Every structure is written in structure tokens, then in C-alpha cells.
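Numbering (the numbering used here), first residue to last: -18 to 119. No residue lacks a Cβ here, since even glycine has one placed at the ideal position from N, Cα and C. The structure displayed is predicted, hence computed values, not measured ones. Beneath this line is the structure, given in C-alpha cells, with notes to follow.
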């Protein structure tokens, strides 16, 4: 089964709820000896709103978050970790990244920073349109 999962994508919006999804992605990457890609997408309107100083502070905060995820993955023993950032419509960017990087499994939280009840829009769209397996973590 390990041959089936070679590359895992963990997309995050920086919400605190992402931690459980990251743990699942990390465990699966270790189990399958898979490459782990960390992807942060700044939804239009979040990273572009506010003053230049606010946008810069947000970018630093998100870079720090990706640093923490990357360090945790490497410390746990994941050999191949890559990180990327993008902006735009989150589910669209996730799907584009997954297709362009030959992702076998996407692991994401059920809801993000928007805090929707039930299943969020991003998780819904990704699970509906992805060409690979999607694991949604609550």
C-alpha cells in the first residue's frame, strides 16, 4: 500500500483547526515514506486587506507557521518536505497544485479560518473535484 501514496499535500489557511489535519498528514507521510508538501493559500481579501504593514505582518506570521510545520515534519523523520505559498481562490489553487505536483493524497481540515459549521466550502470543493484521494479531518 505504501507505493500508492508517494506525495501528500497539506493545504492550510493558518487556522488553529489545521493542527489536527497536519498531524494526520504527518503520520501518513511517515507511514508511507511519502513526500509532504505544505501549501498556504491566502484567500483574496485576507492577505490583501489592510495597510501595507498589516499585510507584511500577516505574511511573516504565515511564514512562521509554515516554518513550524516544516520543522515538525523534519524532526519527526519526514525526509522530503516542501513548502509553497499562493494566493487566490483556495480550493482552485489546491486543485491546481495537486494536479501540477502529482499529489496522491490531500489532507485538509473540514473547516478553516471561516469557521463554518459542518463542512467548509474549500473542503467541499476539493473533495468534489480532486483527481486524487482526499482525507478531510474534523
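Sixteen is the threshold: when 16 or more other Cβ atoms of the shown chains lie within 10 Å of the Cβ of residue 86, as they do, the residue is buried. Under the three-pair Cβ rule at 8 Å, the stretch 14 to 23 counts as touching the stretch 45 to 52. A residue is called buried when at least 16 other Cβ atoms come within 10 angstroms of its Cβ; residue 100 does not meet this threshold and is exposed. Per DSSP, the unbroken alpha helix (DSSP H) holding residue 103 starts and ends at 102 to 110.
Comparing alpha-carbon positions, the option among 103, 37, 114 and 53 lying closest to residue -7 turns out to be 103. Take the alpha-carbon of residue 105 and the one of residue 55: they are about 30 Å apart. For the stretch 13 to 79, the full-length beta strand (DSSP E) segments reaching 3 residues or more read 16 to 23 and 62 to 68 along the chain.
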